[in-house]
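Residue numbers (the working numbering): 1 to 589. Working notes, structure below.
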Amino acid sequence: MSWRGLMCGEPRSADIGKRLSLAGWAGRRRDHGGLVFIDLRDHTGICQVVVNPEHSPEAAEAAHAVRAEFVLRAEGELVARAPDAVNPGLPTGEVELQADSLEIVSRSEALPFQIDDEGVEEETRLRYRYLDIRGERMQRNLRLGATVISAFRRYMESLGFVDVWTPMLTKATPEGARDFVVPVRLQPGKFFALPQSPQLFKQVLMVAGMDRYYQIATCIRDEDLRADRQFEHRQLDVEMAFPTREDVWEVIEGAVRGAFEALGREPPAQPFRRMPWQEAKARYGSDKPDLRFDLEISDATETTRESEFKIFADATCVRFLRVPQELSRAELDRLEERARQWGGKGLAYLVFDEEGEVRSPIAKFLSEEELAVFRGEPASTVLFGAGEPELVARVLGALRQQLGRELGLIDEERDEFLWVTDFPLFEWSEEEGRWVSEHHPFTGVRPEDEELLESDPGAVVSQSYDLVWNGWELGSGSIRIHRQELQERVFRVLGISDEQAQARFGFLLEVMRMGAPPHGGFGFGVDRFLALLAGEPNIREVIAFPKAASGSEPMTGAPTTLPDEQLTELGIRVVDVGQRKGHTSWSTQ
Ligand code: ASP
């Protein structure tokens with residue numbers, strides 16, 4: 001016996017007259033006083049099974065006992081439906097299986113929710129993930145993911161990249177998050193860290209002569225969960241020896257295009273746009289700007305240097321957004337509230353009404369020349385940010401994003417890929433009182449900036465780049481440091497003493513002393529990419545068994561406590577530290 005001759009979504013008119021077996025889940029069942037109709041379903045679709053008590057009394061008896069989501073196997077002849085029963089909305093709508101036998105293979109309790117019900121709470125969907133995955137949305141998303149990953153593999157291998165597996169149990173690799181750690185029974189008191197990425201291994205592989213490495217790598221980071229963040233995510237992780245940045249970009253762009261093609265979509269044109277970080281911050285207030293709408297930020301620092309409006313005159317930087325709408329008092333209040341959330345002290349504005357008359361509490365302080373620069377079309381609004389450049393960019397960037405959405409400026413049909421380049425190497429952490437890496441500490445330095453490392457760390461430009469799609473950061477990469485002395489200098493700027501560097505990264509420094517070729521690569525966030533491809537707002541929707549927002553996995557109930565014996569064996573005693581929240585960036589501790 002074979003369980004099934006065709007999948008449920010496959011029978012067609014051409015199969016009429018064949019004897020067939022089908023197996024799947026029971027969907028809708030209709031009892032027509034005698035005849036019973038059952039929709040038999042699997043991931044390929046639905047086929048109607050008809051059970052006629054006169055034709056097969058046993059099958060009819062079984063059919064009466066069938067409930068939603070029972071697993072059934074039906075055998076019989078595929079017949080044409082009566083003309084008035086044809087369902088043009090269903091690929092199998094012209095045929096039905098006339099069952100001679102109907103076997104209940106497996107029963108189902110009453111379900112906590114109906115398959116494909118769109119209103120189910122997420123916690124419930126995750127608790128019963130197998131029922132959720134049985135539905136169309138998750139089936140589509142997981143299969144889309146598989147298609148993309150297989151396209152990635154084919155593409156990378158066609159370019160000579162070699163898939164090398166790297167360890168899960170390893171030493172901390174700083175990527176800006178906390179580590180998940182694993183106690184080691186054979187060495188009590190010692191811990192492995194789960195990899196935040198295979199960063200150091202892939203660099204070592206370049207020194208080891210692998211030349212072109214890739215892996216669909218699981219990266220594990222202890223940080224707060226968000227729409228685009230899970231404890232675990234997958235990266236198309238790439239490293240190349242002797243690359244220029246452009247070489248890396250070309251490879252990644254090809255992977256993106258290959259994924260689009262594998263899904264039968266028009267791929268984005270190559271090369272993708274490129275924009276230095278400075279420019280992205282100044283024009284869009286973001287290092288991952290959504291370029292599907294314009295609404296650019298303009299600079300007014302020079303214009304307002306002599307302003308009578310003290311706040312402008314005293315600010316390091318004054319910038320503005322020109323909004324193509326006459327915003328109301330209430331809208332301005334709401335935007336001001338938003339600006340405050342992002343650290344702004346208030347929101348200065350100029351509203352130009354239909355007649356072009358200006359309405360603003362600050363207008364009286366501005367000169368004719370200033371007003372002439374800011375004057376926009378009638379029925380428009382100018383919003384200002386004044387202060388330190390970083391703050392101004394943050395506030396205006398957030399307002400830009402919000403207004404883009406609210407005013408319907410985003411062209412949803414457009415796909416805007418962008419390389420953001422030339423990030424600073426370091427950023428100052430107020431919290432830690434020291435320089436921290438903008439990316440990770442292995443990021444290369446722009447050659448002409450090497451001499452600034454000690455004297456002006458904030459001015460050093462790195463050789464890193466991010467890929468952004470419609471305002472989502474898809475991943476980061478860089479040309480790396482491959483010289484030991486340079487790596488040591490960077491560690492020192494980060495406040496890592498030579499002894500600490502030796503203890504933590506001694507192996508890397510050693511590797512760099514043994515013939516390290518220049519190398520660089522990229523970590524491409526697969527789950528974010530898939531979520532965008534699937535049109536999903538959250539990466540949980542493309543992951544089979546994600547963590548809920550709380551950080552737990554509702555189906556298995558992980559994480560759990562451990563029995564005392566197991567803790568003792570590991571040499572661990574649990575102390576009560578209360579509930580924890582939040583994360584800080586990577587620290588040297
Ligand atoms: N390991 C980096 C990350 O996960 C990517 C890279 O630099 O290749 O962000």
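The beta carbon of each residue, even a glycine, is placed where N, CA and C say it ideally should be. Here the structure is a predicted model, which means the values were calculated and not measured.
Quiz item: Exposed or buried, which one is residue 64 when buried takes at least 16 other CB atoms within 10 Å?
Solution: Per the 10 Å Cβ criterion, exposed.
Quiz item: So residue 5 is in the beta strand (DSSP E); what residue range does that whole segment cover?
Solution: It is not in any beta strand (DSSP E) - residue 5 carries neither H nor E in the DSSP assignment.
Self-check item: Contact check, residue 34 vs residue 53, beta carbons under 8 Å
Solution: In contact: residue 34 and residue 53 (Cβ atoms closer than 8 Å).
Self-check item: residue 206, enclosing alpha helix (DSSP H) - first and last residue
Solution: Unbroken alpha helix (DSSP H) run through residue 206: 199-207.
Exercise. Flag residue 180 as yes when its Cβ comes closer than 7 Å to any non-hydrogen atom of the ligand ASP, and as no otherwise.
Key: Incorrect: residue 180 has no Cβ contact closer than 7 Å to the ligand ASP.
Quiz prompt | alpha helix (DSSP H) runs wholly inside the stretch 102-133, at least 4 long, in chain order | solution = Those alpha helix (DSSP H) runs which fall completely within the stretch 102-133 and span 4+ residues are 122-127.
Exercise. Alpha carbon to alpha carbon, how far is residue 171 from residue 490? Give it in angstroms, no decimals.
Key: Counting only the Cα atoms, residue 171 lies some 20 Å from residue 490.
Quiz item: By a C-beta neighbour count over all protein chains shown, 10 Å radius and 16 as the cutoff for buried, is residue 199 buried or exposed?
Solution: Buried: at least 16 other Cβ atoms inside 10 Å.
Quiz item: Cβ-heavy atom distance between residue 444 and the ligand ASP below 7 Å?
Solution: Incorrect: residue 444 has no Cβ contact closer than 7 Å to the ligand ASP.
Quiz item: Would you call the stretch 499-514 and the stretch 192-212 touching, i.e. three or more CB-CB distances under 8 Å?
Solution: The stretch 499-514 is in contact with the stretch 192-212.
Quiz prompt | Spatial distance of residue 588 from residue 499 (CA atoms) | solution = Bear in mind that a pLDDT of 26 at residue 588, under 50, signals an unreliable position, so the model cannot answer this.
Self-check item: Alpha carbon of residue 42 to alpha carbon of residue 121, nearest angstrom
Solution: Each residue's alpha carbon lies about 24 Å from the other.
Quiz item: Nearest-angstrom Cα distance between residue 549 and residue 152?
Solution: Pairing residue 549 with residue 152, the inter-Cα distance amounts to about 29 Å.
Quiz item: On the premise that residue 60 lies in contact with residue 36, defined as a C-beta separation below 8 Å, what is that separation, rounded to the nearest angstrom?
Solution: Indeed they touch by this definition, with Cβ atoms about 6 Å apart.
Practice problem: Name, in chain order, the residues that DSSP records as bridge partners for residue 524. | Solution: DSSP, once it has assigned bridges, lists 236 and 475 as partnering residue 524.
Quiz item: Just the Cα atoms here: how many angstroms apart are residue 221 and residue 229?
Solution: Looking at the backbone, the Cα of residue 221 and that of residue 229 are separated by about 9 Å.
Practice problem: Please classify residue 297: does DSSP put it in a helix, a strand, or coil? | Solution: The answer is strand: DSSP assigns residue 297 an E or B state.
Exercise. Return the CA-CA distance between residue 570 and residue 182, expressed in angstroms with no decimal places.
Key: Taking the straight line joining both Cα atoms gives about 10 Å.
Quiz prompt | Of the residues 180, 516, 463 and 449, the one placed nearest residue 438, counting alpha carbons only | solution = Ranking the options by Cα distance to residue 438, first place goes to 463.
Quiz prompt | Inter-residue Cα distance where the pair is residue 142 and residue 316 | solution = Cα to Cα, the separation comes out at about 49 Å.
Exercise. Closer than 8 Å by C-beta to residue 16: which residues in its own chain qualify, once you throw out the five before and the five after it? Chain order, please.
Key: So the list reads 78, 79, 80 and 95, once near-sequence residues are dropped.
Quiz item: What residues in its chain sit with their C-beta under 6 Å from that of residue 619, if we drop five residues either side in the sequence?
Solution: Outside the shown range of the chain, which is 1 to 589, sits residue 619, and nothing can be said about it.
Quiz prompt | Extent of the continuous beta strand (DSSP E) run through residue 215 | solution = First-last of the beta strand (DSSP E) with residue 215: 212-220.
Quiz item: Going by alpha carbons, who is nearest to residue 236 out of 19, 227, 502 and 259?
Solution: With distances taken between Cα atoms, residue 236 lies closest to 259.
Exercise. State whether the stretch 479-495 contacts the stretch 442-450, with contact taken as three or more CB pairs (one from each stretch) at a distance under 8 Å.
Key: Pairwise C-beta distances place the stretch 479-495 in contact with the stretch 442-450, as three or more of them are shorter than 8 Å.
Exercise. Check residue 151 in the structure and name its three-state DSSP category.
Key: DSSP places residue 151 in helix when its eight states are reduced to three.
Self-check item: At least three beta-carbon pairs within less than 8 Å, the stretch 327-338 to the stretch 364-373
Solution: Under the 8 Å Cβ criterion, the stretch 327-338 does not count as touching the stretch 364-373, having fewer than three qualifying pairs.
Quiz item: Candidates 519, 531, 546 and 565: which alpha carbon is nearest residue 213's?
Solution: It is 519.
Exercise. Have a look at 390, 249, 517 and 166 and flag the residue whose alpha-carbon is nearest the alpha-carbon of residue 270.
Key: The option with the nearest alpha carbon to residue 270 is 249.
Exercise. Report the three-state DSSP secondary structure of residue 380 (helix, strand or coil).
Key: Of the three classes helix, strand and coil, the one that applies to residue 380 here is strand, per DSSP.
Quiz item: Would residue 233 be called buried (16 or more neighbouring beta carbons within 10 Å of its own) or exposed?
Solution: Residue 233 comes out buried.
Self-check item: Terminal residues of the beta strand (DSSP E) in which residue 543 lies
Solution: Judged by DSSP secondary structure, residue 543 falls outside any beta strand (DSSP E); it is assigned neither H nor E.
Quiz item: Grouping DSSP H, G and I as helix and E and B as strand, with all else coil, what is residue 385?
Solution: Strand, per DSSP.
Quiz item: What's the call for residue 84, buried or exposed, on a 16-neighbour Cβ count within 10 Å?
Solution: In this structure residue 84 is exposed. Its beta-carbon is surrounded by fewer than 16 other beta-carbon atoms within 10 angstroms.
Self-check item: Pair within 8 Å by beta-carbon distance, residue 70 and residue 104
Solution: Taking 8 Å as the Cβ cut-off, residue 70 and residue 104 qualify as a contacting pair.
Exercise. Tell whether a beta-carbon distance below 8 Å holds between residue 542 and residue 264.
Key: Going by C-beta atoms, residue 542 is not nearer than 8 Å to residue 264.
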